[in-house]
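Asker:
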Amino acid sequence: MPTRWNSAYEMIKRVILTNEYIGVVLAVSHNAPSPLSAEEIDVLKEISILLAPCADATLSVSTNTNVSISLIIPVICELFHKVNGFDFKTIEGIAAADYMKIRLRERLFAYAPRTIPRIATILDPRFKKQGFLAQSNSEEAAKALQEELNCVMTTTPRPQPAPPTEEPTRFSFLKTKMETTVQSLRADSIILLRQHLEKGNQPESAIPWRIGRCQLMNHLKRSRKSSFVFQHPHASLNASLARQAK
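The sequence shown lines up with residues 34 to 279 when you count with the working numbering.
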């Protein structure tokens, strides 16, 4: 996906790679501009390092073969983490990094409070609660998923168990207690969510729409809000995000 900034990033990489040869050509060319100085090359190298995570982020979310909606918040977190970890030396590199930090907050942090990306991220077995920059966002994501699960389970009739065969029993009081136990759909949804969150995270290479076929996902397939989160990637998840995550 070509854009203005990553086109510039590719050009900067080529200038750095071919700088030695460019300098030779400029040195023997009539009326040619001066070759780039060592200081200017240092600036270009730092700008290239700064833009590299953005190129990775663009490739991560620009895909038709993998689930991408659950990547939005983790990709933003990774960008923020990397940009804040840079220790540049040039004035231009420091200024560019500071500007990017500001723009990340202004342009991308707005995705974190949106319900659809939140649910997608916490549902993704690779991320769960660890995929958020702020703990408050992960807690809100868990609440949103819990509410969605409650809504789905309360509108879905509970399957009726097969009638037990009448057999003599030594402990009839157990049967009486089990028959009078109140079954709570909310308690069931809490247990399902807890099991999902407490289970170990899947590796980054895992494909979530394949590993997400668990009991929790079977319930959420009935939800309009969650039905597209782990559907097959060819179903255009990015189009769903554009329509619903506003």
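All residues carry an ideal CB built from backbone N, CA and C; glycine is no exception.
Can you name, in chain order, every residue of its own chain whose Cβ lies under 8 angstroms from the Cβ of E43, other than the five neighbours on each side?
Answerer: Closer than 8 angstroms at Cβ, skipping near neighbours: no residue.
Asker: Which of the three DSSP states is assigned to L166 in this structure?
Answerer: DSSP places L166 in coil when its eight states are reduced to three.
Asker: Is the Cβ of V61 closer than 8 angstroms to any Cβ of chain B?
Answerer: Reference to chain B is not applicable here, since this structure consists of a single protein chain.
Asker: Rounded to a whole number of angstroms, what is the C-alpha to C-alpha distance between F160 and I152?
Answerer: Between F160 and I152, the C-alpha separation is close to 11 angstroms.
Asker: Within this structure, are the beta carbons of S93 and K46 separated by less than 8 angstroms?
Answerer: No, the pair does not count as a contact, with Cβ atoms beyond the cut-off.
Asker: E145 and N183 look like a contact to me (Cβ under 8 angstroms); what is the Cβ gap, rounded to whole Å?
Answerer: Residue 145 is actually Ala in this sequence, not Glu. Contact flag wrong, Cβ pair sits at about 23 angstroms.
Asker: Of the residues A90, L178, M133, S70, which one's Cα is nearest the Cα of R219?
Answerer: Closest option to R219, Cα to Cα, is L178.
Asker: Between R276 and D157, what straight-line distance do the alpha-carbon atoms span, to the nearest angstrom?
Answerer: At R276 the pLDDT is 45, less than 50, meaning the model places this residue with poor confidence and gives no usable figure here.
Asker: Tell me which residue opens and which closes the alpha helix (DSSP H) that H114 is part of.
Answerer: Its alpha helix (DSSP H) spans residues 105 to 118.
Asker: From A143 to S205, what distance separates their C-alpha atoms?
Answerer: About 59 angstroms.
Asker: Give a yes or no on contact between the segment 72 to 89 and the segment 125 to 145, applying the rule of three or more CB pairs nearer than 8 angstroms.
Answerer: Short answer: they touch.
Asker: For S222, which of helix, strand or coil comes out of DSSP?
Answerer: Three-state DSSP puts S222 in a helix.
Asker: In whole angstroms, give me the CA-to-CA distance for I224 and C87.
Answerer: Distance between the alpha carbons of I224 and C87 is about 38 angstroms.
Asker: Please list the terminal residues of the continuous alpha helix (DSSP H) segment that includes G233.
Answerer: First-last for G233: undefined, no H or E at that position.
Asker: Is the Cβ-Cβ distance between V76 and G126 less than 8 angstroms?
Answerer: In contact: V76 and G126 (Cβ atoms closer than 8 angstroms).
Asker: For K115, which residues from the same chain have a beta carbon less than 8 angstroms from its beta carbon, with the 5 sequence-adjacent residues on both sides left out?
Answerer: The residues are P86.
Asker: For D157, which three-state DSSP category applies?
Answerer: D157: coil per DSSP, three-state reduction.
Asker: What did DSSP end up calling P86 once you bin it into helix, strand or coil?
Answerer: In the structure shown, P86 sits in a helix (DSSP, three-state: H, G or I).
Asker: For I106 versus T154, is the C-beta spacing smaller than 8 angstroms?
Answerer: Yes, these two residues count as a Cβ contact at 8 angstroms.
Asker: I'd like to know whether the C-beta atoms of A175 and F165 end up nearer to each other than 8 angstroms.
Answerer: Cβ distance not < 8 angstroms, so A175 and F165 don't count as in contact.
Asker: Roughly how many whole angstroms lie between the Cα atoms of L226 and N234?
Answerer: Their backbone Cα atoms lie some 14 angstroms apart in a straight line.
Asker: Whole angstroms is fine: what's the gap from A167's alpha carbon to I55's?
Answerer: Near 46 angstroms, if we compare the C-alpha coordinates of I55 and A167.
Asker: Around the Cβ of V61, are there at least 16 other Cβ atoms within 10 angstroms (buried) or fewer (exposed)?
Answerer: Counting Cβ neighbours within 10 Å, V61 comes out exposed, since fewer than 16 surround it.
Asker: For the alpha helix (DSSP H) that R136 lies in, which residues bound it at each end?
Answerer: Residues 124 to 136.
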